[in-house]
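*Asks:* Submitted below is the structure of interest, expressed as structure tokens.
In the numbering used here, the protein residues as written are 1306 to 1576.
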């Protein structure tokens, strides 16, 4: 989510090596399965699943094939103060179609003319299911929830949940576009001060442009109706090695709920 870092709690993977019979009959039977695997790998390459968006880190359609963790920080300058958030976020595959993710962070809010507030945010948990398609388009549906264990003074201590659908599609060699739409049920209070829940519609999109095999430019737009959030994000993702990436982005807010100006930076590792 916006201006929340994240942390992954204990995860492990088991790899199973399939064995194949040696007969010609078995080889012929296995060929369609191998063709499907090769097609899946080609699709993953075309949709640049190793390059992740910034604002749509989880509510995206990137296929997850290994455990990953990103540590980073976000700074946002608002009309009446500023926010600095640092933490980690990551996830792991459960199967070839299902993956889970989590996020947790520590936030510091500096209010103009007032005191600074600091504390942990509510942890986020995500689940995503990737639909099988006969094309190069990735389609994903999923959901999220937060646990109300964070500090209320930094926007925590609320149980929120939501659902989303997203798609990634290659439009040409080296260019991928993404679209995401979701409904979030955000805890709040009514005019009498009693607990209430607001419905917020999220609409987002973005694109990835390959500058080189190691470097990609990323552009995004995100809108949340209930939070008066409308922001543009532009950044870069650079692969330092096969399993590590350096990422940075700039945010420009176009509505009161978004920062006038923001910076993001992170270091992502695949295991």
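A virtual CB, placed ideally from N, CA and C, is assigned to each residue, including glycine. Predicted model only: the values in this text are computed from it and were never measured.
Could you check which residue in 1367, 1478 and 1387 has the C-alpha nearest to that of residue 1561?
*Replies:* 1387
*Asks:* Using 8 Å for Cβ pairs, my map puts residue 1466 next to residue 1448. What's the rounded Cβ distance?
*Replies:* With a Cβ gap of about 7 Å, residue 1466 and residue 1448 count as contacting.
*Asks:* Below 8 Å on the Cβ atoms is my contact criterion, and I expect residue 1443 with residue 1472 to pass it. Report the Cβ-Cβ distance as a whole number of Å.
*Replies:* 6 Å
*Asks:* So if DSSP puts residue 1514 in a beta bridge, which residue, or which two residues, is it bridged to?
*Replies:* 1480 and 1522
*Asks:* From residue 1404 to residue 1395, what does the alpha carbon distance come to, in whole angstroms?
*Replies:* In this structure, the straight-line span from the alpha carbon of residue 1404 to that of residue 1395 is close to 11 Å.
*Asks:* Applying the criterion that 16 or more other CB atoms from any shown protein chain within 10 Å of the CB defines a buried residue, is residue 1435 buried or exposed?
*Replies:* buried
*Asks:* Strictly by DSSP, which residues pair up with residue 1575?
*Replies:* 1373
*Asks:* Starting from residue 1542, follow the beta strand (DSSP E) in both directions and report where the run begins and ends.
*Replies:* 1534–1544
*Asks:* Let me check one thing: in DSSP terms, what residues is residue 1554 bridge-paired to?
*Replies:* Residue 1554 has 1540 and 1569 as its beta-bridge partners, per DSSP.
*Asks:* Over what stretch of residues does the beta strand (DSSP E) that includes residue 1406 continue unbroken?
*Replies:* Note, residue 1406: beta strand (DSSP E), 1403–1416.
*Asks:* DSSP state of residue 1356, grouped into three classes?
*Replies:* coil
*Asks:* Could you name the residues that DSSP lists as bridge partners for residue 1435?
*Replies:* The partner list for residue 1435 (beta bridge, DSSP) reads 1445.
*Asks:* Do you know whose CA, among 1543, 1549, 1420 and 1568, lies nearest residue 1375's CA?
*Replies:* Its Cα nearest to that of residue 1375, the residue 1549 stands out among 1543, 1549, 1420 and 1568.
*Asks:* Which class does residue 1454 belong to by DSSP, given the choice of helix, strand or coil?
*Replies:* Correct three-state label for residue 1454: coil.
*Asks:* Taking the C-alpha atoms as reference points, what is the distance between residue 1576 and residue 1490?
*Replies:* 33 Å
*Asks:* Report back the beta-carbon spacing between residue 1475 and residue 1351 to the nearest angstrom; my notes put them in contact at under 8 Å.
*Replies:* 4 Å
*Asks:* Can you list, in chain order, the residues of its chain whose CB lies under 6 Å from that of residue 1554, leaving out five sequence neighbours each side?
*Replies:* 1359, 1538, 1540 and 1569
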